[in-house]
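Residue numbers (the working numbering), protein chains in the order written: chain A, 1 to 112; chain B, 113 to 226. Scroll down for the structure; my scribbles are underneath it.
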Amino acid sequence: AQSVTQPDIHITVSEGASLELRCNYSYGATPYLFWYVQSPGQGLQLLLKYFSGDTLVQGIKGFEAEFKRSQSSFNLRKPSVHWSDAAEYFCAVAPNDYKLSFGAGTTVTVRA
Amino acid sequence: DAGVIQSPRHEVTEMGQEVTLRCKPISGHNSLFWYRQTMMRGLELLIYFNNNVPIDDSGMPEDRFSAKMPNASFSTLKIQPSEPRDSAVYFCASSLGGPGNEQFFGPGTRLTVL
Numbered sequence: 001a002q003s004v005t006q007p008d009i010h011i012t013v014s015e016g017a018s019l020e021l022r023c024n025y026s027y028g029a030t031p032y033l034f035w036y037v038q039s040p041g042q043g044l045q046l047l048l049k050y051f052s053g054d055t056l057v058q059g060i061k062g063f064e065a066e067f068k069r070s071q072s073s074f075n076l077r078k079p080s081v082h083w084s085d086a087a088e089y090f091c092a093v094a095p096n097d098y099k100l101s102f103g104a105g106t107t108v109t110v111r112a
Numbered sequence: 113d114a115g116v117i118q119s120p121r122h123e124v125t126e127m128g129q130e131v132t133l134r135c136k137p138i139s140g141h142n143s144l145f146w147y148r149q150t151m152m153r154g155l156e157l158l159i160y161f162n163n164n165v166p167i168d169d170s171g172m173p174e175d176r177f178s179a180k181m182p183n184a185s186f187s188t189l190k191i192q193p194s195e196p197r198d199s200a201v202y203f204c205a206s207s208l209g210g211p212g213n214e215q216f217f218g219p220g221t222r223l224t225v226l
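Following this line, the structure appears as structure tokens:
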């Protein structure tokens, strides 16, 4: 069965420090891969997505993600976090259709 | 564009009551999704409509839940009768076209069933 794993439930990072959120998926072929962000009381917003091609994907708000086929991973990174990056982040996969499977999410806290 | 619109934003009701959640997708989008978010189960897809037709309702928990999409600009999710375990945030999302296209999420409806 397809699954998405976000190993870190909660990460605390200092403002200005780098951030990396991990995502691993279990699926036979390379699915469509997504990262969404959810601010408190808000819906989900797409940060970036990967379908094929260049394995380093640039997204909005200064985020990037790298697809590594050998590790079945799609980790999200940001070189320097801002206080406004405090939110919950969801990795999601869709095999080749509409059906998104979400990871459990990682909550990011930014300290001053 | 106003984005996906959901109403109400918050709903508090008593067990046994009927609850209706509403969604207006982004104009021009032909796919609509209802999700439920809880601490225990995370984000779950409840039902997917394409061109107003329900394509996949395998995520609908039980017969107490029903969803309709009478036209391209409106959908409802109804729970009758409601139970405390239905308490969750319900999201509506819409997208255009085929697989892998971005789903745009509404702000959600926080439902509390007492």
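Don't be surprised by glycine CBs; every beta carbon is placed ideally from N, CA and C.
Item	Value
Identity of the residue in A:V37, A:E15 and A:K78 nearest F102 of chain A by Cα	A:V37
Neighbour flag for P166 of chain B against chain A, beta carbons, 8 angstroms	no
Distance between P7 of chain A and S70 of chain A (C-alpha atoms, nearest Å)	18 angstroms
Interface partners of S119 of chain B on chain A, CB under 9 angstroms	Per Cβ cutoff of 9 angstroms: no residues; S119 of chain B is ~13 angstroms from chain A at best.
CB-CB length for E126 of chain B against K49 of chain A, believed under 8 angstroms	Not confirmed; about 41 angstroms, so no contact.
Nonlocal neighbours in the same chain, by C-beta distance under 7 angstroms from F203 of chain B, ignoring five residues either side	Y147, Q149, F217, G218 and G220
Residues from the segment 85 to 101 of chain A in contact with chain B, defined by Cβ distance under 9 angstroms	F90, A92, A94, P95, N96, D97, Y98, K99, L100 and S101
Neighbour flag for P182 of chain B against chain A, beta carbons, 8 angstroms	no
Under 9 angstroms by beta carbon: chain A residues contacting Y160 of chain B	Y98 and K99
Backbone secondary structure at D109 of chain B - three-state DSSP	The structure shown does not extend to residue 109 of chain B, since chain B is modelled only from 113 to 226, so the question has no answer here.
Neighbourhood of Q107 of chain A by C-beta distance below 6 angstroms, restricted to the same chain and skipping five residues each side	Reading the sequence as shown, one finds Thr at residue 107 of chain A and not Gln. Answer for T107 of chain A: H10 and E88, listed in chain order.
Supposed contact pair S143 of chain B and S206 of chain B - C-beta distance, whole angstroms, cut 8 angstroms	6 angstroms
Per-residue contacts from G220 of chain B into chain A (C-beta, under 7 angstroms)	G43
Close-in-space but distant-in-sequence residues of the same chain around S116 of chain A (CB under 7 angstroms, 5 per side omitted)	In the structure as shown, chain A begins at 1 and stops at 112. Residue 116 of chain A is therefore absent and cannot be evaluated.
Continuous beta strand (DSSP E) assignments of at least 3 residues falling wholly in the segment 27 to 52 of chain A	32 to 38 and 44 to 50
K78 of chain A and S39 of chain A closer than 8 angstroms at C-beta	no
Beta-carbon proximity check, A184 of chain B vs N162 of chain B, cutoff 8 angstroms	no
Beta-carbon proximity of L223 of chain B to E156 of chain B, cut-off 8 angstroms	no
Alpha-carbon to alpha-carbon, D175 of chain B and P31 of chain A	32 angstroms
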